[in-house]
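J.:
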Amino acid sequence: MSHSQPVTVPCVMKIAGTGSYVPERVLTNADLEKLVETTDEWIMSRTGIKERRIAAEGEATSDLATKAALRAMEAAGVTAEEIDLIIVGTISPDTFFPSTACHVQRNLGAVKAVAFDVSAACAGFLYAMQIARQFINGGTRKTALIIGADKLSGMVNWQDRNTCVLFGDGAGAAILTAKEPNDGDPSGVLSSVMASDGRLTDILSVPGGGSAIPITPENADQRLNTIHMQGREVFKAAVKYTLEACEQVIERAGLKADDIALIIPHQANVRIVDAIRERLGLPPERAFLNLQKYGNTSGAAVAIALDEAVRSGVVKKGDNILLVAFGAGFAWSASVIKW
Ligand code: COA
Numbered sequence: 002m003s004h005s006q007p008v009t010v011p012c013v014m015k016i017a018g019t020g021s022y023v024p025e026r027v028l029t030n031a032d033l034e035k036l037v038e039t040t041d042e043w044i045m046s047r048t049g050i051k052e053r054r055i056a057a058e059g060e061a062t063s064d065l066a067t068k069a070a071l072r073a074m075e076a077a078g079v080t081a082e083e084i085d086l087i088i089v090g091t092i093s094p095d096t097f098f099p100s101t102a103c104h105v106q107r108n109l110g111a112v113k114a115v116a117f118d119v120s121a122a123c124a125g126f127l128y129a130m131q132i133a134r135q136f137i138n139g140g141t142r143k144t145a146l147i148i149g150a151d152k153l154s155g156m157v158n159w160q161d162r163n164t165c166v167l168f169g170d171g172a173g174a175a176i177l178t179a180k181e182p183n184d185g186d187p188s189g190v191l192s193s194v195m196a197s198d199g200r201l202t203d204i205l206s207v208p209g210g211g212s213a214i215p216i217t218p219e220n221a222d223q224r225l226n227t228i229h230m231q232g233r234e235v236f237k238a239a240v241k242y243t244l245e246a247c248e249q250v251i252e253r254a255g256l257k258a259d260d261i262a263l264i265i266p267h268q269a270n271v272r273i274v275d276a277i278r279e280r281l282g283l284p285p286e287r288a289f290l291n292l293q294k295y296g297n298t299s300g301a302a303v304a305i306a307l308d309e310a311v312r313s314g315v316v317k318k319g320d321n322i323l324l325v326a327f328g329a330g331f332a333w334s335a336s337v338i339k340w
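Residue numbers (the working numbering): 2 to 340.
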């Protein structure tokens, strides 16, 4: 199976603004010690996560997504009427149908947009970015709202210590706009990879609740509608594929690892981030981390991290930044962006 199809179209897209939102309720490792047999020390040393945010009762994925979107629109100076494409990367949609993107479209009043979801788990935001980029480069859309949003707190088995300590809720968004190819502004996507490996569908999934295994009174006690994960297998696949993707996008951008000012990686586990960063030969300060505050927010994680890195001034004009994410599928994506 080949994972290296290059995205070769010239870039006429730029990131005009970013935004993010996390729910107010904080669930700490100390809180989890009261729910399952675990310790703050175990969670911190194995994952780097200290606390995570949990959506309020009645707060749906589209509510998180809409709040992040409004912040990105404000940062970009773009109105709802100007948006002609909305893509939401999510695996915890409000409803099986309609799409979460249509719920967001309604919330925003983005009447001119076409709206749809993409299912790529934790790679959802970067998949959405690559799909929107094709529309913009193709000239059929000019102003895209892309969102990574997930509320995994509703899909976690809170009695399973292997998974419940890892995840949190949140949303991140970006406005992508078309730009003239020869406008003298070098900012934009320099290179990208989008890939998946369906041989690994079983290592991370919610097996029940869909058409394959409907939830019935007979199987309800097996909690098949919650996250099932083979942690070590996921860890190995994440390091292998993410490193491969990072090396590919750096090379295709005509750069060396040292030219990357900042990696903004998926926020699943600090040990995965360290493994990749070290193999690229980069020091700790070149990787942006906020997983200690939010845990793994799935499709939202890279988007929230990007927004925080931009707003805090860690990302500077002209920097080469590397966004990379991986998740269930297995699905992964990476991009080098000149800011
Ligand atoms: N608290 C205390 N002990 C725990 C625990 C917890 N929350 N979760 C698991 N353990 C136990 C296990 O039961 C196991 O005990 P055993 O040896 O008696 O069987 C022990 O800790 C070690 O488990 P192991 O799986 O070897 O730990 P690990 O070092 O691989 O860390 C993960 C576990 C899940 C943190 C790690 O595998 C990981 O991060 N994987 C990737 C997960 C991920 O990123 N998922 C999302 C992808 S988008």
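The beta-carbon is built from N, C-alpha and C at its ideal position, and this holds for glycine as well.
None of the values given here were measured: they were computed from a predicted structure.
Got a sec, what are the start and stop residues for the alpha helix (DSSP H) residue 74 sits in?
T.: The residue labelled residue 74 in the question sits at position 73 within the sequence shown. Taken as a continuous stretch (DSSP letters only), the alpha helix (DSSP H) holding residue 74 covers 62 to 77.
J.: Taking DSSP as the reference, what is the three-state secondary structure of residue 232?
T.: Position 231 of the sequence shown, counted from the start, is the residue given in the question as residue 232. DSSP places residue 232 in helix when its eight states are reduced to three.
J.: By how many angstroms is the C-alpha of residue 86 removed from the C-alpha of residue 63?
T.: If you number the sequence shown from 1, residue 63 lands on position 62. If you number the sequence shown from 1, residue 86 lands on position 85. The alpha-carbon separation between residue 63 and residue 86 amounts to approximately 16 Å.
J.: Could you give the residue range of the beta strand (DSSP E) that holds residue 157?
T.: Start at 1 with the first residue of the sequence shown, and residue 157 comes out as number 156. Per DSSP, residue 157 lies in no beta strand (DSSP E) and is assigned neither H nor E.
J.: Should residue 185 be labelled buried (16 or more other beta-carbon atoms within 10 Å of its own) or exposed?
T.: Mapped onto the sequence shown, residue 185 falls at position 184. Its Cβ having fewer than 16 others within 10 Å, residue 185 is exposed.
J.: Report the residue ranges of all alpha helix (DSSP H) runs contained in full by the region 83 to 111; include only those spanning at least 4 residues, in chain order.
T.: 101 to 109
J.: Which residue comes first and which comes last in the beta strand (DSSP E) that contains residue 333?
T.: Numbered from 1 along the sequence shown, position 332 holds the residue referred to as residue 333. Residue 333 -> beta strand (DSSP E) spans 332 to 339.
J.: Quick one: measure Cβ to Cβ for residue 265 and residue 244, integer angstroms, because I've assumed they're closer than 8 Å.
T.: For the purposes of this step, residue 265 is identified with residue 264 of the sequence shown, where counting begins at 1. For the purposes of this step, residue 244 is identified with residue 243 of the sequence shown, where counting begins at 1. Not a contact, Cβ separation roughly 16 Å.
J.: Assign residue 289 to one of three DSSP states: helix, strand, or coil.
T.: Mapped onto the sequence shown, residue 289 falls at position 288. Here residue 289 sits in coil by DSSP.
J.: Could you tell me the alpha carbon to alpha carbon distance between residue 100 and residue 116, rounded to whole angstroms?
T.: The residue you call residue 100 lines up with position 99 of the sequence shown. The residue you call residue 116 lines up with position 115 of the sequence shown. One C-alpha to the other measures close to 8 Å.
J.: Does the ligand COA have a heavy atom nearer than 6 Å to the CB of residue 123?
T.: As a working mapping, residue 123 is identified with position 122 in the sequence shown. Under cutoff, so the answer is yes.
J.: Going by the C-beta, is residue 269 closer than 6 Å to any heavy atom of the ligand COA?
T.: Start at 1 with the first residue of the sequence shown, and residue 269 comes out as number 268. Residue 269 Cβ: within cutoff of the ligand COA.
J.: Put residue 299 into one of helix, strand or coil per three-state DSSP.
T.: If you number the sequence shown from 1, residue 299 lands on position 298. Here residue 299 sits in helix by DSSP.
J.: At which residues does the beta strand (DSSP E) containing residue 34 begin and terminate?
T.: In the sequence shown, the residue the question calls residue 34 occupies position 33. Note, residue 34: premise wrong, no beta strand (DSSP E); alpha helix (DSSP H) at 30 to 34.
J.: On the three-pair Cβ rule with 8 Å, is the region 134 to 145 touching the region 199 to 211?
T.: Flag = no, the region 134 to 145 and the region 199 to 211 do not touch.
J.: With distances taken from CA atoms, which of 110, 330, 165, 158 is nearest residue 234?
T.: Residue 234 sits at position 233 when you count from the first residue of the sequence shown. Comparing Cα-Cα distances from residue 234 to each of 110, 330, 165, 158, the minimum goes to 330.
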